[in-house]
Amino acid sequence: RLGHFSPKFSELVDRGYDIVAGSHKHAYWGTPHCRAGDEYEPAVPQGKYYFGISLEDTYSLDLSNPSNPSNVSNLPVGRILGTEAYSWGEGIWNWFDLMWKALPRTCAIAELGWSNPTPKNYPDFYARMQEHAKRLRLMRIPVAPLDPPGSKRD
Numbered sequence: 008r009l010g011h012f013s014p015k016f017s018e019l020v021d022r023g024y025d026i027v028a029g030s031h032k033h034a035y036w037g038t039p040h041c042r043a044g045d046e047y048e049p050a051v052p053q054g055k056y057y058f059g060i061s062l063e064d065t066y067s068l069d070l071s072n073p074s075n076p077s078n079v080s081n082l083p084v085g086r087i088l089g090t091e092a093y094s095w096g097e098g099i100w101n102w103f104d105l106m107w108k109a110l111p112r113t114c115a116i117a118e119l120g121w122s123n124p125t126p127k128n129y130p131d132f133y134a135r136m137q138e139h140a141k142r143l144r145l146m147r148i149p150v151a152p153l154d155p156p157g158s159k160r161d
C-alpha cells in the first residue's frame, strides 16, 4: 500500500515507476517567499499548513539525504528522470504574480537539477544570482528580492 498523501520515492520505484523528484517544502510556488511585509506580499500568519519558502530553502533541497522522507539515494540509476517545482493555477493571478513567485527560486531548482552541486554553497549561489537577477530585470522579467544567507527555515 502506498503512503496516504505522498509515497516515498522508493515505494514508487518498487512498483516499477520512474520518478520526477520534488518537494512541496522546497519547490512549491503557490506560497510566498519567506519575507513577510514586503511591497508585494504582506505579512501572512505562519501555521501548520502555511509556510513561506525562501530562496535558501529551495537551494537546500537535498534528495540524497537519508533523513529526507523523499530519499532517492538508494534508487537504481536511471529511475530518477529529474526534479520539479510546481504551483496550483488558482494561486497565480497573472504573469507578474507567476514570475514573482517563481523567480529566483526556479533558478535554484534549475541549478540543483542540472548540476547537483556538492557541497552546496548558498552564499556563492546568492552572489551569482544577484547578477542573474539584474539580467532578468533588464529583460523586464519580475524577480522577487533575493533572500540573503541565513533565511532558511529551521
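With our numbering applied, the sequence shown corresponds to residues 8 to 161, in that order.
Quick reminder that beta carbons are idealized off the backbone N, C-alpha and C, glycines included.
- CB of D154 within 8 angstroms of CB of S30, strictly: no
- Message: Please tell me whether F132 and Y35 are closer than 8 angstroms, where the distance is taken between their beta carbons.
- Response: no
- Message: On the DSSP letters alone, give me the boundaries of the alpha helix (DSSP H) that V20 sits inside.
- Response: 16-21
- Message: According to DSSP, is Y129 part of a helix, a strand, or is it coil?
- Response: helix
- Item | Where T125 falls, given that 16 or more other Cβ within 10 Å makes a residue buried | exposed
- Item | Reduced DSSP secondary structure (H/G/I, E/B, other) of I26 | strand
- Does the Cβ of P130 have 16 or more other Cβ atoms within 10 Å, making it buried, or fewer, making it exposed? exposed
- Can you tell me whether DSSP reads I116 as helix, strand or coil? helix
- contact_flag[the region 98-113, the region 16-30] where n(CB pairs < 8 angstroms) is 3 or more: no
- Item | From S158, L119, A134, residue whose alpha carbon lies closest to that of D69 | L119
- From P149 to H139, what distance separates their C-alpha atoms? 12 angstroms
- Task: May I have the straight-line CA-CA distance separating P152 from I26, to the nearest angstrom?
- Result: 32 angstroms
- Message: Counting C-beta neighbours from all protein chains within 10 Å, is the total for M136 16 or more, i.e. buried, or is it exposed?
- Response: buried
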